[in-house]
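In my numbering, the protein residues as written are 48 to 182.
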């Protein structure tokens with residue numbers, strides 16, 4: 048099993064917390080295209096990180112200072128490259144603002160094969176239920 052990881056880039060902190068049913072990545076602070084990409088790369092490439100189960104990306108405590116649809120497309124391409132061969136794992140993106148919901152849809156649309164396993168939620172209980180659904 049993976050170990051807890053914290054990574055900070057600029058004003059954005061990403062905390063990776065492994066769980067038994069799914070892993071959680073919690074984002075706190077100022078999110079921009081550059082900080083999100085760097086922080087996620089820091090976690091995803093950390094030797095203690097293992098992509099072995101569904102994941103919840105909790106963005107509710109992030110401030111969206113400089114995010115763009117172009118940045119989301121680039122992040123989707125990076126994600127598809129790093130996790131090619133793992134299409135079975137689901138990723139739930141949990142947001143609280145309409146802007147991030149829309150940008151997350153851009154990510155999903157450009158995630159290629161992985162996009163079928165990505166959903167965006169505003170309700171934590173619904174996100175958790177979807178991650179735990181064996182379908």
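Note that beta-carbon positions come from the ideal geometry of N, C-alpha and C, so glycine has one too.
Beta strand (DSSP E) segment containing residue i, residue limits
i, result
"residue 139", "138-141"
"residue 74", "70-79"
"residue 59", "59-64"
8 Å CB neighbourhood of residue i in its chain, flanking five on each side removed
i, result
"residue 142", "106, 107, 148, 151, 167, 168, 169"
"residue 120", "153, 154, 157"
Member of the options whose CA lies at the smallest distance from the CA of residue i
i, options, result
"residue 104", "50, 120, 117, 90", "90"
"residue 181", "119, 59, 113, 100", "100"
"residue 123", "146, 83, 145", "83"
Cα-Cα separation between residue i and residue j, rounded to whole angstroms
i, j, result
"residue 75", "residue 131", "27 Å"
"residue 68", "residue 128", "24 Å"
"residue 78", "residue 178", "24 Å"
"residue 50", "residue 115", "31 Å"
"residue 176", "residue 140", "13 Å"
Neighbourhood of residue i by C-beta distance below 6 Å, restricted to the same chain and skipping five residues each side
i, result
"residue 62", "53, 73"
"residue 165", "138, 155, 158"
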